[in-house]
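In the numbering used here, the protein residues as written are 5 to 350.
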(Lines of atoms letter the chains of each structure in order from A and count residues from 1; the text may use other names and numbers.)
(Lines give C-alpha, C1' and ligand atoms only; values in the text may rest on other atoms or scores of the structure.)
Protein backbone atom coordinates (compact mmCIF):
# COMPACT_ATOMS: atom_id res chain seq x y z
CA UNK A 1 0.00 0.00 0.00
CA UNK A 2 1.23 3.49 -0.80
CA UNK A 3 0.90 6.34 1.70
CA UNK A 4 -1.58 9.14 1.27
CA UNK A 5 -0.41 12.73 0.85
CA UNK A 6 -1.26 15.67 3.06
CA UNK A 7 -3.42 18.61 2.08
CA UNK A 8 -2.05 21.38 -0.10
CA UNK A 9 -2.29 24.35 2.28
CA UNK A 10 -2.87 26.74 -0.64
CA UNK A 11 -6.30 25.19 -1.23
CA UNK A 12 -9.46 27.23 -0.65
CA UNK A 13 -10.84 26.94 2.90
CA UNK A 14 -14.11 25.49 1.56
CA UNK A 15 -12.31 22.75 -0.34
CA UNK A 16 -11.49 19.36 1.11
CA UNK A 17 -8.98 17.19 -0.72
CA UNK A 18 -8.92 13.45 -0.22
CA UNK A 19 -5.72 11.85 -1.48
CA UNK A 20 -6.18 8.60 -3.36
CA UNK A 21 -4.48 5.47 -2.14
CA UNK A 22 -2.83 2.82 -4.31
CA UNK A 23 -4.60 -0.29 -3.07
CA UNK A 24 -3.78 -2.43 -6.10
CA UNK A 25 -1.19 -1.33 -8.65
CA UNK A 26 -1.73 -1.23 -12.38
CA UNK A 27 -0.04 -3.16 -15.11
CA UNK A 28 1.63 -1.10 -17.84
CA UNK A 29 -0.10 1.13 -20.37
CA UNK A 30 1.03 1.98 -23.90
CA UNK A 31 4.62 2.09 -24.98
CA UNK A 32 7.87 1.16 -26.64
CA UNK A 33 10.81 -0.82 -25.35
CA UNK A 34 12.11 0.18 -21.93
CA UNK A 35 11.81 3.39 -19.91
CA UNK A 36 12.76 5.83 -22.67
CA UNK A 37 15.66 7.26 -20.62
CA UNK A 38 19.32 6.81 -21.57
CA UNK A 39 20.70 4.51 -18.88
CA UNK A 40 24.12 3.02 -19.62
CA UNK A 41 23.29 -0.19 -17.75
CA UNK A 42 20.04 -1.16 -19.51
CA UNK A 43 19.92 -4.94 -19.95
CA UNK A 44 17.34 -7.60 -20.74
CA UNK A 45 16.65 -10.85 -18.87
CA UNK A 46 13.98 -13.53 -19.19
CA UNK A 47 11.85 -11.49 -16.77
CA UNK A 48 12.12 -8.22 -18.67
CA UNK A 49 14.30 -5.12 -18.95
CA UNK A 50 16.34 -3.68 -16.07
CA UNK A 51 18.02 -0.26 -15.84
CA UNK A 52 19.31 2.35 -13.36
CA UNK A 53 21.24 -0.18 -11.28
CA UNK A 54 18.20 -2.47 -11.41
CA UNK A 55 16.02 0.15 -9.71
CA UNK A 56 13.89 0.43 -12.86
CA UNK A 57 12.16 -2.72 -14.11
CA UNK A 58 10.11 -3.18 -17.28
CA UNK A 59 8.52 -6.66 -17.09
CA UNK A 60 7.83 -8.91 -20.05
CA UNK A 61 8.55 -7.29 -23.40
CA UNK A 62 9.16 -3.92 -21.76
CA UNK A 63 5.91 -2.13 -22.46
CA UNK A 64 5.68 -0.43 -19.07
CA UNK A 65 8.22 0.23 -16.34
CA UNK A 66 8.17 0.42 -12.54
CA UNK A 67 10.52 1.85 -9.93
CA UNK A 68 13.08 4.64 -10.36
CA UNK A 69 13.07 5.10 -14.12
CA UNK A 70 14.55 8.58 -14.49
CA UNK A 71 11.41 10.51 -15.41
CA UNK A 72 11.41 14.24 -14.63
CA UNK A 73 7.72 14.71 -13.83
CA UNK A 74 4.75 12.94 -12.26
CA UNK A 75 1.31 12.28 -13.75
CA UNK A 76 -1.78 10.26 -12.83
CA UNK A 77 -3.85 7.33 -14.07
CA UNK A 78 -6.77 5.30 -12.71
CA UNK A 79 -7.96 1.97 -14.09
CA UNK A 80 -11.03 -0.07 -13.31
CA UNK A 81 -10.38 -3.22 -11.30
CA UNK A 82 -12.85 -5.18 -13.38
CA UNK A 83 -12.63 -5.97 -17.08
CA UNK A 84 -15.47 -5.58 -19.55
CA UNK A 85 -16.43 -7.31 -22.78
CA UNK A 86 -18.57 -4.79 -24.67
CA UNK A 87 -20.53 -1.92 -23.14
CA UNK A 88 -20.90 1.85 -23.08
CA UNK A 89 -18.39 3.94 -21.15
CA UNK A 90 -19.06 7.60 -20.33
CA UNK A 91 -17.00 10.23 -18.54
CA UNK A 92 -17.88 13.85 -17.86
CA UNK A 93 -14.51 15.56 -18.18
CA UNK A 94 -13.00 19.03 -18.15
CA UNK A 95 -9.61 18.67 -19.90
CA UNK A 96 -8.44 22.11 -18.81
CA UNK A 97 -5.06 21.94 -20.57
CA UNK A 98 -4.20 24.43 -23.31
CA UNK A 99 -0.52 23.66 -23.91
CA UNK A 100 1.42 21.47 -26.31
CA UNK A 101 2.28 17.85 -25.69
CA UNK A 102 -0.28 16.86 -23.03
CA UNK A 103 -3.01 14.26 -23.52
CA UNK A 104 -6.15 13.70 -21.45
CA UNK A 105 -7.34 10.14 -22.05
CA UNK A 106 -10.40 7.94 -21.57
CA UNK A 107 -9.75 4.49 -22.98
CA UNK A 108 -10.26 0.75 -22.86
CA UNK A 109 -7.15 -1.43 -22.66
CA UNK A 110 -6.45 -5.16 -22.67
CA UNK A 111 -4.03 -5.62 -19.79
CA UNK A 112 -1.59 -8.16 -21.22
CA UNK A 113 -1.07 -6.15 -24.42
CA UNK A 114 2.15 -4.55 -23.18
CA UNK A 115 3.59 -7.44 -21.20
CA UNK A 116 3.45 -10.79 -22.91
CA UNK A 117 5.32 -11.69 -26.10
CA UNK A 118 2.79 -12.57 -28.78
CA UNK A 119 -0.19 -11.17 -26.85
CA UNK A 120 -2.77 -9.36 -28.93
CA UNK A 121 -2.92 -5.60 -28.49
CA UNK A 122 -6.46 -4.32 -27.92
CA UNK A 123 -7.28 -0.68 -27.14
CA UNK A 124 -10.02 1.89 -27.84
CA UNK A 125 -9.16 5.54 -27.17
CA UNK A 126 -10.54 8.99 -26.72
CA UNK A 127 -7.70 11.48 -26.26
CA UNK A 128 -8.06 15.25 -25.96
CA UNK A 129 -5.00 17.13 -27.15
CA UNK A 130 -3.83 20.10 -25.08
CA UNK A 131 -2.83 21.91 -28.25
CA UNK A 132 -0.27 20.91 -30.89
CA UNK A 133 -1.13 20.65 -34.57
CA UNK A 134 -4.70 19.49 -33.84
CA UNK A 135 -6.00 22.64 -32.17
CA UNK A 136 -8.87 22.84 -34.67
CA UNK A 137 -9.84 19.21 -34.07
CA UNK A 138 -8.60 18.37 -30.56
CA UNK A 139 -10.58 15.15 -29.99
CA UNK A 140 -8.69 12.06 -31.16
CA UNK A 141 -10.40 8.68 -31.52
CA UNK A 142 -8.44 5.52 -32.15
CA UNK A 143 -8.47 1.71 -32.22
CA UNK A 144 -5.22 -0.19 -31.72
CA UNK A 145 -4.84 -3.88 -32.52
CA UNK A 146 -2.04 -6.20 -33.62
CA UNK A 147 0.64 -6.94 -31.05
CA UNK A 148 3.45 -5.20 -29.16
CA UNK A 149 5.90 -5.53 -32.03
CA UNK A 150 3.47 -4.48 -34.76
CA UNK A 151 0.46 -2.44 -33.81
CA UNK A 152 -2.27 -1.32 -36.20
CA UNK A 153 -3.85 2.08 -35.49
CA UNK A 154 -6.76 3.98 -37.05
CA UNK A 155 -6.62 7.47 -35.50
CA UNK A 156 -9.17 10.08 -36.53
CA UNK A 157 -9.43 13.65 -35.23
CA UNK A 158 -12.62 15.65 -34.65
CA UNK A 159 -13.75 19.13 -33.76
CA UNK A 160 -16.46 19.58 -31.17
CA UNK A 161 -19.76 19.38 -33.11
CA UNK A 162 -21.57 22.63 -33.80
CA UNK A 163 -18.51 24.77 -32.98
CA UNK A 164 -16.43 26.63 -35.61
CA UNK A 165 -13.30 24.65 -36.41
CA UNK A 166 -10.87 27.42 -35.49
CA UNK A 167 -8.44 27.03 -32.61
CA UNK A 168 -9.91 29.65 -30.27
CA UNK A 169 -13.48 28.40 -30.64
CA UNK A 170 -12.52 24.76 -30.14
CA UNK A 171 -10.30 25.60 -27.17
CA UNK A 172 -13.09 27.53 -25.48
CA UNK A 173 -15.62 24.79 -26.21
CA UNK A 174 -13.57 21.71 -25.35
CA UNK A 175 -10.97 22.76 -22.77
CA UNK A 176 -12.87 25.28 -20.63
CA UNK A 177 -15.97 23.32 -19.76
CA UNK A 178 -17.24 19.87 -18.81
CA UNK A 179 -18.43 17.57 -21.60
CA UNK A 180 -19.56 13.95 -21.71
CA UNK A 181 -17.28 11.71 -23.77
CA UNK A 182 -18.44 8.18 -24.52
CA UNK A 183 -17.26 4.96 -26.18
CA UNK A 184 -19.69 2.26 -27.29
CA UNK A 185 -18.11 -1.13 -27.92
CA UNK A 186 -20.31 -3.94 -29.24
CA UNK A 187 -19.83 -7.05 -31.40
CA UNK A 188 -21.25 -5.02 -34.30
CA UNK A 189 -19.52 -1.65 -34.03
CA UNK A 190 -17.38 0.78 -32.06
CA UNK A 191 -18.62 4.38 -31.75
CA UNK A 192 -17.35 7.56 -30.11
CA UNK A 193 -19.56 10.41 -28.78
CA UNK A 194 -19.22 14.01 -27.62
CA UNK A 195 -22.16 15.29 -25.55
CA UNK A 196 -24.42 12.67 -27.12
CA UNK A 197 -23.44 13.43 -30.72
CA UNK A 198 -21.72 10.63 -32.56
CA UNK A 199 -18.29 11.54 -33.89
CA UNK A 200 -17.35 8.24 -35.50
CA UNK A 201 -18.65 4.71 -35.96
CA UNK A 202 -16.63 1.71 -37.16
CA UNK A 203 -18.30 -1.57 -38.20
CA UNK A 204 -16.74 -5.02 -38.69
CA UNK A 205 -15.05 -5.44 -42.06
CA UNK A 206 -17.72 -7.89 -43.28
CA UNK A 207 -20.44 -5.23 -42.90
CA UNK A 208 -21.83 -3.91 -46.17
CA UNK A 209 -20.93 -0.29 -45.40
CA UNK A 210 -17.59 -0.96 -43.74
CA UNK A 211 -14.52 1.06 -44.65
CA UNK A 212 -11.09 -0.48 -44.94
CA UNK A 213 -10.04 0.64 -41.46
CA UNK A 214 -13.11 -0.99 -39.93
CA UNK A 215 -11.46 -4.41 -39.93
CA UNK A 216 -10.13 -3.34 -36.54
CA UNK A 217 -13.51 -3.98 -34.90
CA UNK A 218 -13.53 -7.77 -35.27
CA UNK A 219 -10.11 -7.91 -33.59
CA UNK A 220 -11.56 -6.49 -30.36
CA UNK A 221 -12.82 -9.47 -28.39
CA UNK A 222 -10.66 -9.78 -25.24
CA UNK A 223 -11.94 -8.21 -21.98
CA UNK A 224 -10.57 -4.71 -21.36
CA UNK A 225 -10.54 -2.37 -18.39
CA UNK A 226 -11.43 1.33 -18.38
CA UNK A 227 -8.70 3.90 -17.78
CA UNK A 228 -8.59 7.64 -17.05
CA UNK A 229 -5.29 9.47 -17.36
CA UNK A 230 -3.35 12.63 -18.11
CA UNK A 231 0.27 12.50 -19.26
CA UNK A 232 2.91 14.59 -21.08
CA UNK A 233 4.64 13.33 -24.21
CA UNK A 234 8.43 13.21 -24.19
CA UNK A 235 9.52 15.98 -26.62
CA UNK A 236 12.68 14.06 -27.53
CA UNK A 237 10.79 10.91 -28.52
CA UNK A 238 7.43 12.07 -29.89
CA UNK A 239 6.84 13.74 -33.25
CA UNK A 240 5.66 17.31 -32.50
CA UNK A 241 3.26 17.08 -35.46
CA UNK A 242 1.11 14.73 -33.39
CA UNK A 243 0.53 16.51 -30.07
CA UNK A 244 3.00 19.40 -30.10
CA UNK A 245 6.29 19.69 -28.22
CA UNK A 246 5.83 19.51 -24.45
CA UNK A 247 7.52 22.20 -22.32
CA UNK A 248 8.01 21.31 -18.61
CA UNK A 249 7.82 25.03 -17.78
CA UNK A 250 4.06 24.79 -18.42
CA UNK A 251 3.55 22.58 -15.36
CA UNK A 252 1.53 22.02 -13.25
CA UNK A 253 -1.57 21.09 -15.25
CA UNK A 254 -4.78 19.48 -13.95
CA UNK A 255 -7.85 17.87 -15.50
CA UNK A 256 -11.16 17.08 -13.79
CA UNK A 257 -13.67 14.22 -13.96
CA UNK A 258 -17.18 14.82 -12.64
CA UNK A 259 -18.50 11.28 -13.11
CA UNK A 260 -17.95 7.98 -14.91
CA UNK A 261 -20.78 5.68 -16.02
CA UNK A 262 -20.39 2.09 -17.20
CA UNK A 263 -23.14 0.21 -19.05
CA UNK A 264 -23.35 -3.48 -19.91
CA UNK A 265 -24.17 -4.47 -23.48
CA UNK A 266 -27.55 -6.23 -23.70
CA UNK A 267 -27.37 -8.94 -26.37
CA UNK A 268 -31.16 -9.27 -26.52
CA UNK A 269 -32.11 -5.61 -26.93
CA UNK A 270 -28.86 -4.51 -28.62
CA UNK A 271 -28.89 -1.65 -26.13
CA UNK A 272 -27.08 -0.84 -22.87
CA UNK A 273 -28.02 -1.38 -19.21
CA UNK A 274 -26.44 0.79 -16.50
CA UNK A 275 -23.91 -1.22 -14.47
CA UNK A 276 -22.59 1.52 -12.19
CA UNK A 277 -21.98 5.24 -11.84
CA UNK A 278 -19.14 6.84 -9.89
CA UNK A 279 -19.55 10.52 -8.95
CA UNK A 280 -16.28 10.52 -6.97
CA UNK A 281 -17.81 11.42 -3.62
CA UNK A 282 -15.29 8.95 -2.20
CA UNK A 283 -12.66 6.70 -3.71
CA UNK A 284 -14.10 3.25 -4.37
CA UNK A 285 -10.99 1.14 -3.82
CA UNK A 286 -12.69 -2.01 -5.04
CA UNK A 287 -13.51 -0.26 -8.33
CA UNK A 288 -10.31 1.67 -9.13
CA UNK A 289 -6.59 0.92 -9.13
CA UNK A 290 -3.82 3.52 -9.24
CA UNK A 291 -1.02 3.74 -11.79
CA UNK A 292 2.59 3.54 -10.52
CA UNK A 293 4.30 2.94 -13.85
CA UNK A 294 5.66 4.79 -16.86
CA UNK A 295 6.38 3.99 -20.52
CA UNK A 296 8.81 5.03 -23.21
CA UNK A 297 7.17 8.13 -24.68
CA UNK A 298 5.75 9.38 -21.35
CA UNK A 299 7.79 12.30 -19.92
CA UNK A 300 6.29 11.52 -16.50
CA UNK A 301 5.88 8.62 -14.08
CA UNK A 302 2.38 7.88 -12.79
CA UNK A 303 2.02 8.14 -9.01
CA UNK A 304 -1.03 7.94 -6.72
CA UNK A 305 -0.50 11.33 -5.07
CA UNK A 306 -1.08 13.13 -8.38
CA UNK A 307 -4.72 12.07 -8.19
CA UNK A 308 -7.12 13.54 -5.64
CA UNK A 309 -10.79 13.83 -4.84
CA UNK A 310 -11.86 17.45 -4.54
CA UNK A 311 -14.87 18.33 -2.42
CA UNK A 312 -16.36 21.84 -2.61
CA UNK A 313 -19.25 23.35 -0.69
CA UNK A 314 -20.46 24.75 -4.00
CA UNK A 315 -20.31 23.35 -7.52
CA UNK A 316 -17.69 25.89 -8.64
CA UNK A 317 -19.80 27.30 -11.42
CA UNK A 318 -20.81 23.85 -12.66
CA UNK A 319 -24.57 23.47 -12.03
CA UNK A 320 -24.67 19.88 -13.29
CA UNK A 321 -22.28 18.61 -10.63
CA UNK A 322 -22.73 17.89 -6.94
CA UNK A 323 -19.39 19.60 -6.32
CA UNK A 324 -17.28 16.44 -6.16
CA UNK A 325 -14.50 15.83 -8.69
CA UNK A 326 -11.62 13.53 -9.47
CA UNK A 327 -8.57 15.70 -10.24
CA UNK A 328 -5.58 14.28 -12.13
CA UNK A 329 -2.43 16.41 -12.30
CA UNK A 330 0.95 16.57 -14.00
CA UNK A 331 3.68 18.15 -11.88
CA UNK A 332 7.42 18.62 -12.05
CA UNK A 333 9.20 16.12 -9.88
CA UNK A 334 9.85 18.53 -7.02
CA UNK A 335 6.44 20.21 -7.07
CA UNK A 336 3.21 19.31 -5.34
CA UNK A 337 0.03 18.88 -7.38
CA UNK A 338 -2.06 22.05 -7.72
CA UNK A 339 -5.67 20.85 -7.72
CA UNK A 340 -7.46 23.85 -6.21
CA UNK A 341 -11.15 24.12 -6.93
CA UNK A 342 -10.47 27.54 -8.48
CA UNK A 343 -8.95 25.66 -11.41
CA UNK A 344 -12.39 24.27 -12.16
CA UNK A 345 -13.62 27.62 -13.41
CA UNK A 346 -10.49 29.26 -14.80
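For glycine and all other residues, C-beta sits at the position ideal for the given N, C-alpha and C.
Which runs of the beta strand (DSSP E) fall wholly inside the segment 150 to 198 and span at least 3 residues, in chain order?
155 to 157, 160 to 162, 183 to 189, 194 to 198
Have a look at residue 51 and residue 40 and give me their C-alpha separation to the nearest angstrom.
18 Å
Please classify residue 136: does DSSP put it in a helix, a strand, or coil?
helix
Are there three or more Cβ pairs, one per stretch, closer than 8 Å when the segment 57 to 69 is compared with the segment 269 to 281?
no
Taking only runs of the alpha helix (DSSP H) that begin and end inside the segment 203 to 265, which ones reach a length of at least 4 residues, in chain order?
244 to 247
Within 10 angstroms of its Cβ, does residue 30 collect 16 or more other Cβ (buried), or is it exposed?
With a pLDDT of 43 at residue 30, under the threshold of 50, the modelled position of that residue is not reliable, and no figure is offered here.
Pick from 270, 335, 327, 313: whose alpha carbon is nearest that of residue 307?
335
Check whether the Cβ atoms of residue 110 and residue 257 sit closer than 7 Å, and answer yes or no.
no
Pull the bridge partners of residue 98 from the DSSP assignment, please.
260
Sequence-distant residues of the same chain with beta carbon closer than 7 Å to residue 61, five excluded per side
52, 54, 69, 70, 71
Sub-7 Å separation of residue 103 and residue 254 beta-carbons:
yes
For residue 337 and residue 305, the rounded distance between their alpha carbons
9 Å
Exposed or buried, what is residue 225 when buried is set at 16 or more other beta-carbons lying within 10 Å of its beta-carbon?
exposed
Under 7 Å, do residue 108 and residue 234 count as touching if we go by C-beta distance?
yes
For residue 115, the three-state DSSP class (helix, strand or coil):
helix
Would you kindly check if the distance between the Cβ of residue 244 and the Cβ of residue 303 is under 7 Å?
no
Applying the 10 Å Cβ sphere with the 16-neighbour rule, what's the burial state of residue 274?
exposed
Coarse secondary structure for residue 319, derived from DSSP in three states:
With a pLDDT of 38 at residue 319, under the threshold of 50, the modelled position of that residue is not reliable, and the figure given next carries that caveat. Here residue 319 sits in coil by DSSP.
Using the three-state DSSP reduction, which class does residue 56 fall into: helix, strand or coil?
coil
Measure the alpha-carbon distance for residue 78 versus residue 310 and round it to whole angstroms.
7 Å
Continuous beta strand (DSSP E) stretch holding residue 278: start and end:
275 to 282
Going by the beta-carbon positions, is the gap between residue 139 and residue 167 smaller than 7 Å?
no
Please state the DSSP three-state secondary structure of residue 308.
helix
Which one of 339, 267, 159 has the shortest CA to CA distance from residue 89?
267
Local Cβ density within 10 Å of residue 44, reported as buried at 16 or more and exposed below that
exposed
Cβ separation of residue 130 and residue 185, assumed to be a contact under 8 Å, to the nearest whole Å:
5 Å
Please classify residue 229 as buried or exposed, where buried requires at least 16 other C-beta atoms within 10 Å of its C-beta.
buried
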